[in-house]
Amino acid sequence: MRCRSSCRRGAMASQETLMCPSTTGRSSAEGGRPKASSTSGGGRTRLGSCTPQSTVPLILGRRLGCAPLRADLRGSAAMREDPSGRIDRHEPEQGRERRRSDDEKPPELDRVSPLATVSRHVTGLLIDPPLLERKVADARRSARGRDTHILHDGDDDVPQRMLNALEPGTYVTPHRHLTVPKAESLIVLRGSAAVVVFDDDGEPEIEALLTLEPRPGAGVAFDLRAGVWHTMVALESGTVVYEMKGGPYDARTDKQFAPWAPCEGEPGAAGYLARLEDGLRERFDLAPRSWQPPPRR
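If you count the sequence shown from 1, position 256 lands on 272 in the working numbering, and the numbers rise without skipping.
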């Protein structure tokens, strides 16, 4: 039966995508079981007062006038197939094999700071084992023991998305997103980590184990409401966590760091994390901690 209605043909307009990836602030991954200690007078909340090394600098985005990157799909696999999905029969077999080999290569990543990389994908990105392996390698090479991979295009994107690769011993200062309220979701993709939620005095309220292993009381993701004090602790080497939180990103208001915990790089930070992690490992019946804090001077 023929369709009696007339069909319209729409012309495809070429588009330019502005690729201006921004870096984000720190990932959510730091310690907190130990007794709260006052490090700022009067117990007042510190807004972005931790050492600069713990914050990813804003070095990309419109501030540097990123040039538009045109998406040229003429040589891609998608454009070498007809609408039915069949392989172009006019393409030499050698060309098909080369294309298959190219498709298997890990995505190209750009390092935008010592703390983060960003993808150059225009339409989508598969988060696959090779990509996770690359981020794990980046974290192991990092002096901080962690590395971030940015998935969003820029500071104005909503939501902000990223991969956080963490090694045991990396310390993420307890913090919250309250000045501009932002909720946050954390999903483990590899390894295992714990999310700790604190009360206003620095005492743990919730301790959640995130792992892909089937364990009683464990899960694969944790959702945080806006304004909640929290941190994340890597419990296994090679851990990667997918993080998603509200945007836009503004380094001046993104985080409030807890007044009752040391900042990253401060004296006592490693000891604070060690005590927090020991408590988590005892609670979840995990193997002892694999790293040692540096001796006190």
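The beta carbon of each residue, even a glycine, is placed where N, CA and C say it ideally should be.
Residue i vs residue j beta-carbon contact at 8 angstroms
i	j	result
LEU226	ALA209	yes
ILE203	TYR258	yes
ARG162	ALA155	yes
ALA132	HIS165	yes
SER201	MET248	no
LEU147	ARG206	no
PRO197	GLY263	no
Reduced DSSP category for residue i - H, G, I as helix; E, B as strand; rest coil
i	result
ASP126	strand
VAL152	helix
ASP163	strand
LEU226	strand
ALA199	coil
SER295	Reading off the sequence shown, one finds Gly at residue 295, where the question assumed Ser. In the structure shown, GLY295 sits in a helix (DSSP, three-state: H, G or I).
GLY77	Reliability fails at GLY77, whose pLDDT of 34 lies under 50, so the model's placement of it is uncertain and no value is given.
ARG231	coil
ALA286	helix
ALA303	coil
PRO311	coil
Straight-line gap, residue i to residue j (C-alpha atoms, nearest Å)
i	j	result
PRO190	CYS279	8 angstroms
ASN180	VAL188	11 angstroms
GLY134	LEU142	With the sequence shown as reference, residue 134 is identified as Val, and Gly is not the correct amino acid for it. So the two alpha carbons sit approximately 14 angstroms from each other.
PRO283	ALA250	20 angstroms
VAL213	GLY287	19 angstroms
SER306	GLY185	8 angstroms
GLU221	LYS271	20 angstroms
ALA285	ALA277	8 angstroms
VAL236	ARG312	36 angstroms
PRO310	ALA224	27 angstroms
ALA159	GLN308	15 angstroms
Beta strand (DSSP E) segment containing residue i, residue limits
i	result
TYR258	255 to 261
ALA267	Taken as a continuous stretch (DSSP letters only), ALA267 belongs to no beta strand (DSSP E), as it is neither H nor E.
ARG177	176 to 182
TRP245	245 to 250
ASP239	237 to 240
Count the C-beta pairs between the stretch 241 to 255 and the stretch 166 to 183 that are closer than 8 angstroms, then say yes if the count reaches three, no if not. The stretch 241 to 255 makes contact with the stretch 166 to 183; the number of CB pairs closer than 8 angstroms reaches 3 or more.
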